[in-house]
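What follows is one structure encoded as structure tokens, with my remarks underneath.
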């Protein structure tokens, strides 16, 4: 937590937990002597896209259901459970879809299935053995980059899902831009606590602590 002294220009800095959703920064004081409080977000709310490499295979759309069921038991995603198992691509024109008014009408659907992280599988032969053991074919295995982390904001979601489809649960917890909406009573309480904290910090410094 960063605390700007309410009078004067000296700053006192304390520690804060990275696990916290956000901390508070006392910025300036309005004319009515109420502090302006802004969010200081944990890294997970503001971080850029980070990737990890995963094994991916192309499958026939009609086999997707069987793949999903068997992979869920044989090769759970664990650390990548924020990723969807299937990525859909729409490629060349498909004459069978004529007359279909849907968004991707007239294009053939290609499905890519996420098998697992490269780092979780020592070699391709071992992965082949695990797939064939549950009755899944082993072909066209390749490595692809996928998002390492689950998105925390819609901005992250929109950016990262261009690489691979993601699951996203918008809890509405985060205030990512602008001042935090505290009432005047809450701001006065915050000011009182900050004033007390600064006073105690000065006393501790004077006593050599």
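In my numbering, the protein residues as written are 460 to 668. Built from N, CA and C at the ideal position, the CB exists for glycine as well. Computed from a predicted model, the values in this text were never measured in an experiment.
Look at residue 611 here: in three-state DSSP terms it is coil, with no helix or strand label. Separation of the CB atoms of residue 568 and residue 624 is rounded to 14 Å, and the pair is thereby denied contact status at 8 Å.
By the beta-carbon neighbour count (other beta carbons within 10 angstroms, threshold 16), residue 653 is buried. Only residues of its own chain outside the window of five on either side were considered, and among them 576, 605, 607 have a CB closer than 7 Å to the CB of residue 511, listed in chain order. The C-alpha of residue 537 lies about 19 Å from the C-alpha of residue 619.
In summary, residue 571 is buried, with 16 or more beta-carbon neighbours lying within 10 Å of its beta-carbon over all protein chains present.
Taking a contact as a CB-CB distance under 8 Å, the pair residue 651 and residue 515 does not count as one, their CB atoms being some 56 Å apart. Just measuring C-alpha positions, the residue of 527, 612, 497, 609 sitting nearest residue 545 is 527. According to the DSSP assignment, residue 603 belongs to the beta strand (DSSP E) that extends over 601-606. Residue 493 and residue 643 have their C-alpha atoms spaced approximately 7 Å apart.
Scanning its chain for C-beta atoms nearer than 6 Å, with the 5 sequence neighbours on each side dropped, one finds around residue 595 the residues 529, in chain order. By the Cβ-count criterion, residue 611 is buried, with 16 or more other Cβ atoms from all chains shown falling within 10 Å of its own Cβ. The continuous stretches of alpha helix (DSSP H) do not include residue 581, and DSSP gives it neither H nor E.
Annotation for residue 513: the continuous beta strand (DSSP E) segment containing it runs 510-518.
Excluding sequence positions up to five before and after residue 534, its CB lies within less than 7 Å of the CB of 574, 575, 589, all in the same chain and listed in chain order.
DSSP links residue 568 through a beta bridge to 549.
Annotation: the continuous alpha helix (DSSP H) that includes residue 663 extends over 643-665. Residue 542 counts as buried, since no fewer than 16 other beta carbons sit within 10 angstroms of its beta carbon.
When the Cα atoms are used, residue 495 and residue 646 turn out to be separated by approximately 8 Å. Non-local C-beta neighbours of residue 587 in its own chain, meaning closer than 7 Å and more than five positions away in sequence, comprise 597, ordered along the chain.
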